Every structure is written in structure tokens, then in C-alpha cells.
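There are 2 protein chains.
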Amino acid sequence: MTMKTKKISFYERRAAIAKALGHPSRLMIVDALQEREICVCELTELVGADQSTVSRHLSVLKNAGLVDTRKEGPMIFYRLRVKCLEGFFMCIENVLKENLEREEALVGG
Amino acid sequence: MTMKTKKISFYERRAAIAKALGHPSRLMIVDALQEREICVCELTELVGADQSTVSRHLSVLKNAGLVDTRKEGPMIFYRLRVKCLEGFFMCIENVLKENLEREEALVGG
DNA sequence: TGTCTTCATGGTCATATTGCAATATGACCT
DNA sequence: AGGTCATATTGCAATATGACCATGAAGACA
């Protein structure tokens, strides 16, 4: 395997995770799951989309390895598989803060 | 504005940033820019795609507020606008590590 | 002026994503 | 078995994305 090929698969794996987090509904879900595990029915209410749509978003998160499931009777509870999302969210907040400052600078100066 | 609308735009802004990082070429670019500012011609070589394709990726990163540009003669240098990407990458690595452990557990037992 | 380099943009095609409706699956209860 | 609730999956339409080619704009330089 060439170095370039290796590099590509390296970034592909990482980009897949970022991509899974790149949708507002999925971000909302992940954020809610930081508190506690939540069933699909409750997540569907939270997101406010069709149940089938939410189910698809959940499967995207699951395929990325971000969440895991637990069965309890007819219900399925989703929970975060990783606790490290703070770093991710902090990074995003930092970018948004910088963007805001830039906008203010453009208006003010 | 209702609470739900507010929440949506909250997550939309954050998801847009994650989405901008959700492509292997863009991740490769951002990673390279952690070292130093780089011109489009060099980034084009690095990524190994058409110059127009790389230019589009760069505009995605710029629109997300992740990078900024500096003109020098006919060249345009791109540089990171934020230094916080460590937290982002650490989070990704953490997820990948967890995923690897899960795969090993599935094989092993 | 003409040409070369560097980068961005419009056009076009192939593919992926997203959303909803409809249907299937699976568990539980009677 | 039949009924009901909670999820997953499939089909389809609309839209977004990503790649290339061709072209355009701007600076450097003879």
C-alpha cells in the first residue's frame, strides 16, 4: 500500500465520524444522550420529524460507532458509546465564537 | 420565535461546522494547515484531486469559518482560523479507538 | 500587449442524503 | 392466533454533494 492510499483511508475513517455529526437532528440527539439513555419514541418527539426519519438518523450514528442500543421490552434505548464529545463541542463553540467576532469586526470596522 | 425553532438554528450552526469537516480531503487539508499556511497549488498536490475540486473544498472550509486566506502575488495562502481542532481530533480518535475495541471484542469472544 | 501562472466559478453528470408514507418486524398481552 | 405498541426497513421524490472539464479573472513579467 502506498503512503497516499494509507493517508486516504486514515482521513476517510475520521471524516465518516465528523460526517455522522454533521446534521442538526443527529447533533440534537447526541447532545440529549449526553444526559442519559433515551428511547426512540422520546427522541422522535425531541427531533420533531417522522419516526422513520429519526430511525435512519439513529442508524447513521450507530454505524459511526457513536451510539449503542439496549433493548427493554418493545422499546430500544440509545446511549452514547463515547464520553469524549466535550472536546468536539468545545471545538465547535470555539469556531462559532471566532466567527461571531469576525462578523462583529466586519460591522464595526 | 418558538423554543423549538431556536433549538434548530442552534444545532444547524453547529452541524454546519461538523459537516464541513466531514470529508476526507477537507480533513486532510485542515490537518496540513495545523503546521503552516499553504497555497492552493500545494494543497492541490497534497489532496491529489483536480484544482477546481480542491478550490471548492477550500470554499466550504472558508464558509464554515474554519480557514482564512492571505493573498501573495498570484497565490492565495490558506491558514487555520482556529487553534482548537485538537479537541475535535482527540474526540474522533477516541471514537475510533472504541470502535476498534468493539471489533476486537466481536472477533475474540 | 501578450502570455504564463494561480485560483475561482459555471456547467454537467453521477451519486448520496434526506424526508415522508407505507410496510415489515418483534415483543407483549389476551 | 389476533391485536397493539415500538422500531426498522423499503420505495420514492426532492435536493445536496462531489468530481471533472472548460472558462474567466487577476497578478506577474517579458
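Residue numbers (my numbering), protein chains in the order written: chain A, 1 to 109; chain B, 1001 to 1109.
All residues carry an ideal CB built from backbone N, CA and C; glycine is no exception.
Since the structure is predicted, the reported quantities are computational estimates derived from the model, not experimental observations.
Check, Outcome
"Contacts of A/Y11 in chain B (Cβ-Cβ under 8 Å)", "P1024, S1025, L1027, M1028, D1031"
"Contacts of A/E45 in chain B (Cβ-Cβ under 8 Å)", "Those within 8 Å of A/E45 in chain B number zero; the least Cβ separation is about 11 Å."
"C-beta contact flag for B/L1096 and B/L1033 at 9 Å", "no"
"Residue-level contact to chain A via CB, B/F1089, 9 Å cutoff", "yes"
"B/M1075 burial status per 10 Å Cβ neighbour count (16 or more: buried)", "exposed"
"CB contact check: A/A105 to chain B, cutoff 9 Å", "no"
"Delimiting residues of the alpha helix (DSSP H) encompassing A/R70", "That residue, A/R70, is in no alpha helix (DSSP H); its beta strand (DSSP E) goes 67 to 72."
"C-alpha distance - A/G65 paired with B/K1083, whole-angstrom precision", "26 Å"
"CA-to-CA distance, A/L61 to A/L21, given in whole angstroms", "8 Å"
"Environment of B/K1071 [buried if 16+ CB atoms lie within 10 Å]", "exposed"
"Listed by chain order, chain A residues near B/I1076 by CB distance under 8 Å", "Those do not exist, as B/I1076 stays about 18 Å from chain A at its closest Cβ, beyond 8 Å."
"C-beta neighbour in chain B for A/K62, strict 9 Å", "no"
"Per-residue burial, A/L100 [other beta carbons within 10 Å of its own, 16 or more giving buried]", "exposed"
"Cutoff 6 Å; reference B/T1044; Cβ partners in own chain excluding five residues on either side", "Q1051, V1054"
"Every unbroken beta strand (DSSP E) within the region 38 to 100 of chain A, with a cutoff of 3 residues, ordered by chain", "67 to 72, 75 to 80"
"Cβ-Cβ distance between B/R1026 and A/I92 below 9 Å", "no"
"Listed by chain order, chain A residues near B/E1098 by CB distance under 8 Å", "G65, R81, V82"
"Chain B contact for A/R70 (CB, 9 Å cutoff)", "no"
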